[in-house]
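To start, the structure under review is shown below, and the notes come after it.
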Amino acid sequence: MGEVKKGGSLDRRNVVSRLLADRKDLLVVTGLGSASYDVMAAGDHDNNYYLWAAMGSAAMVGLGIAATQPDKSVVVITGDGEMLMGFGSLATIALRKPANLTIAVLDNGHFGETGMQESHAGRGINLDKVAASCGYPWTCEITDMAGVDDLKSRIAMRDGLKLATIKIKPENLPRVLPPRDGSFIKNRFRSALGFQPI
C-alpha cells in the first residue's frame, strides 16, 4: 500500500467554515463529536441537524433527508471514525444515489473522541476509494483549500452523489457545543422545512 497518510495538514475549523460560508438553504447533518463542534463553531443554524448518541448514523440520516428534500442540497459533515462505524451505509447510499447528497469526511486518521487512537483510515483505509468502488459518481481526496472550494461549489449543484475525504490535522480543538436537546433539534429542523413540530 506504500506510505500510509495519517490525517493531513488542513485546519478542520477553517475547512468547515469555508464549506458553510454563504450556505443559503443548505441542509447539514453532523456526525458525532468534533464534526458537530466544528459546524457549531461555524455558526448555529436552523438547518443544522446535530446528532447525539447515534455513532455511525450520520450518512444514513443524510440519505433520509436527501430523499425527502430532493430540491435542497444536503451535506453530511462527519469524521473518519464515525464514518467507519457506519461503513455499510456507503453501499446502501450508493444503491440509492441521491443526486443532492454530499458526504464530507473530516479525516484525521484518528479516533479523536476516545483518545486519539489511530483509526482504520490512519492505517490506510481510503474512504473515498471505498465509496468509488461502491459506485459513487464523484469521490475525491482533498488536501488543500482549493479542493475545499471545489467541493463547496459541487455541493450546490445537486448533480449526483458525492463523497470527499478531507485530510485534516489530528488535533483536539476546544469544544463548541451545539444544542443537546434532541427534541429541540428535530423540531427546529422540521420547522425550518415548513413542517409542524411533533
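According to our numbering, the sequence shown is numbered sequentially starting from 1. Every residue, glycine too, gets a C-beta built ideally from N, C-alpha and C.
When burial is assigned at 16 or more other CB atoms within 10 Å of the CB, is aspartate 107 buried or exposed? On the sequence shown, position 107 is the one that residue 107 refers to. Aspartate 107 comes out buried.
Sheet register partners of glutamate 82 (DSSP bridge): Working through the sequence shown from its first residue, we reach residue 82 at position 82. Answer is none; glutamate 82 lacks a bridge partner.
Within 10 angstroms of the Cβ of arginine 96, are there 16 or more other Cβ atoms? Answer buried if so, exposed if not. As a first step, residue 96 must be located in the sequence shown, where it is residue number 96. Exposed, since its Cβ has fewer than 16 Cβ neighbours within 10 Å.
Taking only three categories from DSSP, how would you classify asparagine 48? Your numbering for residue 48 matches position 48 in the sequence shown. Strand, per DSSP.
Taking the straight line between their C-alpha atoms, what separation do you get for methionine 1 and glycine 124? Translated into positions along the sequence shown, residue 1 becomes position 1. Translated into positions along the sequence shown, residue 124 becomes position 124. Low local confidence applies: a pLDDT of 44 at methionine 1 is under 50, so the model's placement there is unreliable, with the coordinate-based value given in what follows. Methionine 1 and glycine 124 have their C-alpha atoms roughly 7 Å apart.
Can you tell me where the beta strand (DSSP E) holding lysine 162 begins and where it ends? In the sequence shown, the residue the question calls residue 162 occupies position 162. Boundaries of the beta strand (DSSP E) harbouring lysine 162: 162 to 167, taken from the DSSP string.
Just confirm the distance between the C-beta atoms of leucine 19 and leucine 127, as a whole number of angstroms; I'd bet it's less than 8 Å. Position 19 of the sequence shown, counting from 1, holds the residue named residue 19. Position 127 of the sequence shown, counting from 1, holds the residue named residue 127. Wrong, their Cβ atoms sit about 17 Å apart, outside the cutoff.
Ends of the beta strand (DSSP E) at isoleucine 103? Position 103 of the sequence shown holds residue 103. Taken as a continuous stretch (DSSP letters only), the beta strand (DSSP E) holding isoleucine 103 covers 101 to 107.
By DSSP's criteria, threonine 68 is part of a beta bridge. Which residues make up the other side? Translated into positions along the sequence shown, residue 68 becomes position 68. Answer by DSSP bridge pairing: none, since threonine 68 is not bridged.
Would you tell me roughly how many angstroms separate the C-alpha atoms of threonine 165 and phenylalanine 184, rounded to the nearest one? Against the sequence shown, residue 165 aligns to sequence position 165. Against the sequence shown, residue 184 aligns to sequence position 184. Near 30 Å, if we compare the C-alpha coordinates of phenylalanine 184 and threonine 165.
How many angstroms separate the CA atom of arginine 13 from the CA atom of phenylalanine 195? Taking the sequence shown and counting its residues from 1, one reaches residue 13 at position 13. Taking the sequence shown and counting its residues from 1, one reaches residue 195 at position 195. In this structure, the straight-line span from the alpha carbon of arginine 13 to that of phenylalanine 195 is close to 31 Å.
How about methionine 85 and methionine 55: are their beta carbons less than 8 Å apart? One-based indexing of the sequence shown puts residue 85 at position 85. One-based indexing of the sequence shown puts residue 55 at position 55. Taking 8 Å as the cut-off, the Cβ atoms of methionine 85 and methionine 55 count as close.
Would you mind giving the Cβ-Cβ distance between leucine 101 and glycine 62, rounded to the nearest angstrom? I have them listed as a contact below 8 Å. Walking along the sequence shown from the start, residue 101 turns up at place 101. Walking along the sequence shown from the start, residue 62 turns up at place 62. The distance from the Cβ of leucine 101 to that of glycine 62 is about 6 Å, consistent with a contact at the 8 Å cut-off.
How long is the line joining the alpha carbons of phenylalanine 87 and isoleucine 103, rounded to whole angstroms? Position 87 of the sequence shown, counted from the first residue, corresponds to residue 87. Position 103 of the sequence shown, counted from the first residue, corresponds to residue 103. Rounded to whole angstroms, phenylalanine 87 to isoleucine 103 spans 13 Å at the Cα level.
Span of the beta strand (DSSP E) around leucine 27: Within the sequence shown, numbered from 1, the residue matching residue 27 stands at position 27. For leucine 27, the enclosing beta strand (DSSP E) begins and ends at 27 to 30.
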